[in-house]
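Our numbering puts the first residue of the sequence shown at 17, with every later residue one more than the last.
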Amino acid sequence: MSMSKTTNTYNRQNWEDSDFPLLCETCLGDNPYVRMTKDRFGQECKICNRPFTIFRWCPGAKMRFKKTEVCQTCAKLKNVCQTCLLDLEYGLPTQVRDNALKVRDALPRSDVNKEYYLQNVESSSTDNTVALGEVGKATAPSDLLMKLARTTPYYKRNRPHVCSFWVKGECSRGEECPYRHEKPTDPDDPLSDQNIRDRYYGSNDPVADKLLRRATALPTLTPPEDKSITTLYIGNTGEFMTEQDLRDHFYQFGEIRSISMVAKQQCAFVQFTKRESAELASEKSFNKLILLGRRLTVRWGRGGGKKDSDPTGAGGSKLVGVPGLPDFTGAVGGSGLGGFFTGNLAPDVMAPPGVVYYPSMDPTRMGGGGGE
């Protein structure tokens, strides 16, 4: 690559010099004391072919070194990470995000038009708080993005590559080898054929195709047949989520009767006054409810069960009494055994305990006469 001032291929005034990269939390790693090396104009951008500042770092222990692949101007146009080229807000490929937001970015691909377009973008950008291009103008929320969004870092993406010498059985480094000693994936797998340009422009991206197919097969939450159930189960609430946080979200769907927090199980139960409100809340919150950075699980609560007049319990077979023993049905306050098993209220006054009968106390059990 020619770097002379007289070359017409590059305009040195438009070379990018930055002090810090634009990275997602996954690529940056979990080490708060990460150390980076900076190389001014060390490489061409994979999209616009302009020299830019390269950053190189190790995300964590037993991870591979990573570096920035595209310049910050190209990353701001698509609101993506400079290394993995995934969306900075949702952690998804640009093809999935653009399909969900109905965004069509017609970026020029020829050298002259691309350079002129980037110059206009850089002159119009004021700060780094808003995404440039059509992505920054898309403000309508998308249910698909909320369902597929990754809210927590996925550090396994930073693992070293598979050792090709170990696959051949020729690796002599042993435990000191910086690469993974694992069986590689199927070479015919579409995910093994990826490139940066398709990921950036959102065309023929196998990861995006896999996520879009998964979106069509996502499960739905079916309301229970019992119309008296108006309670929703909210899981994965964590330790710091309060009742007011849940009330601020669910009040928009209807009047709330009560909210019960179960701190030990990290869950909660939200009960509405109307069934229509509960159905609307479950439809709008299932698989897309994120509060305080946590993805919450939304399910329907269980009903109390139907009461049964069968004295044996809920639909069981009738118990057979022992011959020669008195019948205790209805002996306690007229409610009998049915009142105990169906959960009815106990009587005000408990009846005194009677004589306990055993089969061995029957005088006719061995064939003898009862009056003798």
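Built from N, CA and C at the ideal position, the CB exists for glycine as well. Predicted model, so just to flag it, every value in this text is computed and none were measured.
Cα-Cα separation, residue i to residue j
i, j, result
"Ser301", "Leu160", "12 Å"
"Thr253", "Tyr132", "50 Å"
"Glu259", "Arg273", "13 Å"
"Trp316", "Thr246", "8 Å"
"Thr380", "Arg318", "51 Å"
"Ala297", "Leu44", "36 Å"
"Glu241", "Leu38", "50 Å"
"Pro239", "Met377", "56 Å"
"Pro203", "Arg263", "50 Å"
"Ser34", "Gln88", "8 Å"
"Leu361", "Ile275", "Low confidence applies to Leu361: its pLDDT is 42, below 50, so where it sits in the model is not reliable enough to give any reading."
"Tyr195", "Lys290", "58 Å"
"Asp221", "Gln111", "7 Å"
"Arg72", "Tyr216", "20 Å"
"Asp50", "Phe181", "Rather than Asp, the amino acid found at residue 50 in this sequence is Val. If I take the Cα positions, the gap works out to 30 Å."
"Arg310", "Arg229", "25 Å"
"Val137", "Leu123", "11 Å"
"Met382", "Pro375", "11 Å"
"Arg113", "Gly185", "42 Å"
"Asp255", "Gln282", "Going by the sequence as given, residue 255 is Glu instead of Asp. Approximately 7 Å between the Cα atoms of the pair."
Three-state class that DSSP yields for residue i in the structure shown
i, result
"Tyr249", "strand"
"Leu296", "helix"
"Asp221", "coil"
"Pro375", "helix"
"Thr380", "coil"
"Gly281", "Residue identity check: residue 281 is Gln in the sequence provided, not Gly. Correct three-state label for Gln281: coil."
"Phe288", "strand"
"Glu191", "helix"
"Gln98", "coil"
"Arg229", "helix"
"Ser180", "helix"
"Phe256", "coil"
"Lys199", "coil"
"Glu241", "coil"
"Lys83", "strand"
"Phe266", "helix"
"Glu41", "helix"
"Glu60", "strand"
Sheet register partners of residue i (DSSP bridge)
i, result
"Gln210", "Beta-bridge pairing links Gln210 to no other residue."
"Glu32", "According to DSSP, which records beta bridges pairwise, Glu32 is partnered with nothing at all."
"Leu307", "Arg310"
"Met52", "Trp73"
"Arg315", "Tyr249"
"Ile272", "Phe288"
"Asp103", "Val96"
"Phe302", "Phe302 is not bridged to any residue."
Beta-carbon proximity check, residue i vs residue j, cutoff 8 Å
i, j, result
"Ser244", "Gly270", "no"
"Leu101", "Asn95", "no"
"Tyr249", "Phe285", "yes"
"Val86", "Lys54", "no"
"Ala231", "Lys163", "yes"
"Arg80", "His177", "yes"
"Leu207", "Pro109", "no"
CB-CB length for residue i against residue j, believed under 8 Å
i, j, result
"Pro67", "Phe57", "4 Å"
"Thr313", "Gly218", "That belief does not hold up - the Cβ atoms of Thr313 and Gly218 are roughly 31 Å apart, past 8 Å."
"Cys64", "Leu134", "6 Å"
"Arg166", "Gly107", "4 Å"
"Arg173", "Thr84", "That belief does not hold up - the Cβ atoms of Arg173 and Thr84 are roughly 16 Å apart, past 8 Å."
"Leu307", "Asp261", "6 Å"
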